[in-house]
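For reference, the structure discussed in these notes is given below.
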Amino acid sequence: MRRFILTAFGGFLLLAYGCIEKMPLPAIINEDVEFAAGDTTYLIMNPIWDSSYGFSAPVEISIAPDGHIFVADSAARAVFVLKQDGAVLSEFDDLRNLYNNTGEPFAPIDVDVDQKMNIFMIDGSRRVYRWNQLWRQNEIKEVMTGATFVNISSGEEVSVSAGTAEWYIKLHSEEWGMSDEVWSSEQSLIDSLSKPHLFFDADVEQTSVKDIYYNSGQSLYSGISSADGDYIYLTDEAHDRIVRIDFQQSQLIHLTTGEEVWTHRGVFGQTVAGYGTGAGTVNAPAAVDVDFAGNIYYAQSGEFFSVHKIRPVSSGGYTTYPSVFQQGSNDIMDLWRFSKPADVAVDQKQMVYVANTVAEEIQIFKSNGDFFKKAGIVEVTVDTTIWVFSEGDSALVDTFLMVERPGILGTPRGVAVDERGIIYICDTANSRIVRYRLSNSVDENMTPDE
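Here it is, written out as structure tokens:
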């Protein structure tokens, strides 16, 4: 059964200590709702981006710094890229018909884009993949394949091939300097970087050496979010934790524009939050997002608090992540509020958007965690009568009830919001993207700016 929330209101005064007996609701509901001055609600933007755009099972959305919208579609094995007006961009064909590093079909379940235009993708495994938009557009001319390292103290010279264990040791050591670089323009080597490729594999000991308390190779990543720094965050559902993966310089590339750019690989940084039952702990994590201040938000489907906000606090060279939201102080921590939320997003004002999946709605919260509004639901006015009892007297009074019910969303999986407050929702079951905006923000049939 779907839940209905009833709010009584009308032009009458209930006396103190009075009680109310509600009559059965009428079968006919008036859905022609008008809003008074100052009222706001979330309205659907047209057109809905449906399967005619190529979507099969869109599950996640990320909005890039340039405003482009990246949609991970697991059934289509693709990441679709659209402009804000809904035009599907063809120059991102590298993100269609995806394969992993072993040549097997790759079905993305999450995608995120950082300030360097790295597009990160995960498929629920222990691996993270990357595709860089700028490298592809500006084209890679050549790739560094090796160099001679000179010991600063002794003058010893050693030739090392790029990508080897010795390469990373010497490249990141203060005792060695690099000279006599070796470059290659071999097309297969260029393609290995310009096309989607492996960024991090938790089963590689060399890049997971800091993960000493968990079996890294058993990690299963369910959510990903990039931050302003040189790192990303992942939700690890196998170990009930949030982890940070750091960027590590790998090798230089030359672009056809003349730029010299470092590529990076991912290395394990730290476990940010682990399993528990209280605020700031993890239980069956599903999604993660990061705001401009570095605060981390995550949604989970475990038996305890469904949505959390933690913040990094650095002291003495070590970073901890205490909880910001607390039960009893913030509406977002109400135990009854969510039904297995699949995603969480935060905007530039630190408003929080939660895909309350089983309830088929989006809940929006203010930056302090207080409830604001819902999107994806329908509020209708019902004209009915109720008995009013007070001090031994009773009367049948005409009044109205506001009935809240699910709208057109079918178990929404992903949610994102752009700089204008437009909400983008992965309506996965219906193979479409649905957009909402506040009724007092823009014209209903507006064409978004580029």
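The opening position of the sequence shown corresponds to residue 172 in my numbering, with each subsequent residue numbered one higher.
All C-beta atoms, glycine included, are put in the ideal place defined by N, C-alpha and C.
Three-state secondary structure assigned by DSSP to Gly394: Judged by DSSP in its simplified three-state form, Gly394 adopts strand.
Option in Val284, Thr434, Pro236, Ile467 with minimal Cα separation from Thr442: The residue with the shortest Cα to Cα distance from Thr442 is Ile467.
Trp507, DSSP secondary structure in three states: It is coil, neither helix nor strand.
Sequence-distant residues of its chain with Cβ nearer than 6 angstroms to Gln422 (five each side left out): Closer than 6 angstroms at Cβ, skipping near neighbours: Met315, Ala333, Thr434.
Exposure label - Glu408; buried when at least 16 CB within 10 Å: By the 16-neighbour rule on beta-carbons within 10 angstroms, Glu408 is buried.
Contact belief for Glu313 with Ser355 at Cβ below 8 angstroms, rounded distance in angstroms: Right, their Cβ atoms sit about 6 angstroms apart.
Where Phe263 falls, given that 16 or more other Cβ within 10 Å makes a residue buried: Counting other Cβ atoms within 10 Å of its Cβ, Phe263 reaches 16 or more and is therefore classed as buried.
Span of the alpha helix (DSSP H) around Asp460: No alpha helix (DSSP H) holds Asp460; the beta strand (DSSP E) holding it covers 456-461.
Cα-Cα separation, Arg603 to Val230: Roughly 10 angstroms between the two C-alpha positions.
For Ile593 and Leu609, the rounded distance between their alpha carbons: Computed Cα separation, rounded: 8 angstroms.
Straight-line Cα distance separating Val549 from Asp401: If I take the Cα positions, the gap works out to 42 angstroms.
Length-filtered (3 minimum) beta strand (DSSP E) runs lying within the region 221-257: Listed in chain order, the beta strand (DSSP E) elements of length 3 or more contained wholly in the region 221-257 are 229-234, 240-244, 249-253.
Cross-strand partners of Lys544 (DSSP beta bridge): The partner list for Lys544 (beta bridge, DSSP) reads Ile535.
Straight-line Cα distance separating Gln420 from Met349: Rounded to the nearest angstrom, the two C-alpha atoms are 13 angstroms apart.
Cutoff 8 angstroms; reference Tyr384; Cβ partners in own chain excluding five residues on either side: Annotation for Tyr384: Thr442 place their beta carbon closer than 8 angstroms to its own, counting only its chain and skipping 5 residues before and after.
Length-filtered (3 minimum) beta strand (DSSP E) runs lying within the region 474-506: Residue ranges of uninterrupted beta strand (DSSP E) with 3 or more members, entirely inside the region 474-506 and ordered along the chain, are 478-481, 484-486, 489-491.
Outcome for Asp203 when other beta-carbon atoms lying within 10 angstroms are tallied against a minimum of 16: With a pLDDT of 40 at Asp203, under the threshold of 50, the modelled position of this residue cannot be trusted; read the value that follows with caution. Here Asp203 is exposed: its Cβ has fewer than 16 other Cβ atoms, across all protein chains shown, within 10 Å.
Where Thr378 falls: helix, strand or coil (DSSP): Helix.
Residues that DSSP places opposite Gly348 in a beta bridge: According to DSSP, residue pairing for Gly348 in a beta bridge involves Val321.
Any 3 or more C-beta pairs closer than 8 angstroms across the region 251-265 and the region 228-243: Enough Cβ pairs lie closer than 8 angstroms, so yes.
Host alpha helix (DSSP H) of Ala336 (start-end): According to the DSSP assignment, Ala336 belongs to the alpha helix (DSSP H) that extends over 336-342.
Boundaries (first-last residue) of the beta strand (DSSP E) holding Arg576: From DSSP, the beta strand (DSSP E) with Arg576 extends over 564-577.
Short Cβ contact (9 angstroms threshold) for Thr452 with His479: Their beta carbons are under 9 angstroms apart, which means Thr452 touches His479 by this criterion.
For Ala600, three-class secondary structure by DSSP: It is helical.
Cut-off 6 angstroms between Cβ atoms - residues of its own chain near Val529, not counting five sequence neighbours on either side: Here Val529 has Ser510, Lys511 as same chain residues with Cβ atoms under 6 angstroms from its own Cβ, once five neighbours each way along the sequence are excluded.
Integer Cβ distance of Phe439 from Ser485, believed to fall under 8 angstroms: About 18 angstroms separates the two Cβ atoms, so there is no contact after all.
CA-to-CA distance, Leu305 to Phe277, given in whole angstroms: Near 22 angstroms, if we compare the C-alpha coordinates of Leu305 and Phe277.
Alpha-carbon spacing of Glu532 relative to Gly585, whole angstroms: Glu532 and Gly585 have their C-alpha atoms roughly 11 angstroms apart.
Exposure label - Lys381; buried when at least 16 CB within 10 Å: Classification of Lys381: exposed, given that the 10 Å Cβ count is below 16.
Ile234 versus Gln358, Val461, Ser325, residue with shortest Cα-Cα distance: The shortest C-alpha separation from Ile234 is found at Val461.
Meets three-Cβ-pair contact criterion under 8 angstroms: the region 489-504 and the region 512-519: Proximity of the region 489-504 to the region 512-519 falls short of the contact definition, fewer than three beta-carbon pairs being nearer than 8 angstroms.
Own chain partners of Leu369 with C-beta closer than 7 angstroms, once the 5 adjacent residues on each side are dropped: Once the five neighbours on either side are set aside, the close Cβ partners of Leu369 are Asn272, Arg298, Tyr300.
Continuous alpha helix (DSSP H) stretch holding Asp362: start and end: Asp362 -> alpha helix (DSSP H) spans 358-365.
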